[in-house]
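Those letters in the sequence shown? Residues 38 to 324, per this note's numbering, in order.
Just so you know, even glycine gets a beta-carbon here, dropped at the ideal spot from N, CA and C.
None of these values were measured; they are calculated from a predicted model.
Okay, so here's the structure we're looking at.
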Amino acid sequence: MHSSRIQLADGEHTVVEWHGVLEQAPQGLILFLPALGVNVSYYRALGAAWAARGYCVAALETRGMRQSSVRDVRRQDFGYREVLADIAHLRRRLGEQTSGRPLLLAGHSLGGQFALLQACENPAEVAGVALLAGGSNYFRAMPGALSAWKRGFGLRLIQQLNRGLGYFPGDKLGFGGRQPGRLIRDWTQEALHGRYRPEGVDTDYEAALRRLELPVLLLSLSGDRFVPRSCADFLAGKLARASVTQRELQAADHGLRAFSHFAWAKSPQLVLDAFQAWRERLPNAAA
């Protein structure tokens, strides 16, 4: 693994962690995006495992995280608009380096949603999108009335706390990390209403998702209390024209009571087996 610091379109900087060498990656290039509040370094075992399977992985440190120049989220406010612009900036740079190899977008949890929204912007440049333990945040997509009520109640508390403080102190609460106010407004907009309407963005993402014709993998983990299968089902329902593959790994099949939403990234072989099975069915599988 090696890292490189890149300048973003607005002059800020962040880090890309590289796993594998593109010239030695017959399976192609993966642009990987972390979950909300998770540093990119958490995914080094995942990146190494992908590289061992013939991929080159460019894993982006999200704006506002440890290796980003944007650190004071109370003064340096941003939302989905800036994060998606950062991803687009890196995607364009990677597009100049692919040498004909397929470019796949992948992400964990919210990172998977960002990958999907980015694919809507330039679908012709992307071979496929993989959401790992990913799906919608919409509270009504939770399984059962009680789970939906609890999720909705928690979201409204987050919304009110974010509104009162002007940022979200997730680092103090054990969820999501310290996040800027606008990003949490965008996040709760989708989570409370089931629609992507980021502030300051002209793109109609709901229409763009309906038009998207790319292969999409939605991989769920049984027992995942943050993003259960039903949340992936809800997001899949927006993809009217995409070639959607949904799969849920069953914890009991592997001697587990439940999968952790986060810990799988430290021992990613089961997830990558499912990812590879999807990858081999893509039109460019022989790349």
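Spatial distance of residue i from residue j (CA atoms)
i	j	result
G132	G165	14 Å
M38	G84	8 Å
V53	L97	5 Å
Y117	R219	8 Å
I195	E227	13 Å
H145	A182	26 Å
A289	E60	39 Å
L246	F271	12 Å
R188	T225	11 Å
Residue i - partner residues in DSSP beta bridges
i	result
W315	None, per the DSSP bridge assignment.
P217	Y204
I43	T51
Y92	G65
S257	E285
Beta-carbon contacts of residue i that lie in its chain and below 6 Å, excluding the five residues immediately before and after
i	result
R103	N76
H126	L45, A46
S257	R266, A269, E285
H298	A170, D261, F263
L168	G149, L255
Neighbour-count burial assignment, residue i, 16 or more Cβ in a 10 Å radius
i	result
L255	buried
G74	buried
V253	buried
A62	buried
A89	exposed
S304	exposed
Contacting residues, own chain, Cβ-Cβ under 8 Å from residue i (five flanking each side not counted)
i	result
R81	M38, E54, H56
7 Å Cβ shell around residue i - same chain, five flanking residues per side excluded
i	result
Q155	L121, I124, A125, R128, L142
A273	L255, V281, Q283
L249	A156, C157, P160, L276, R278, A279
L192	F176, T225, A228, L229
Can you check the region 163-214 for any beta strand (DSSP E) of at least 3 residues that lies completely inside it and give the ranges in chain order?
165-169, 204-206
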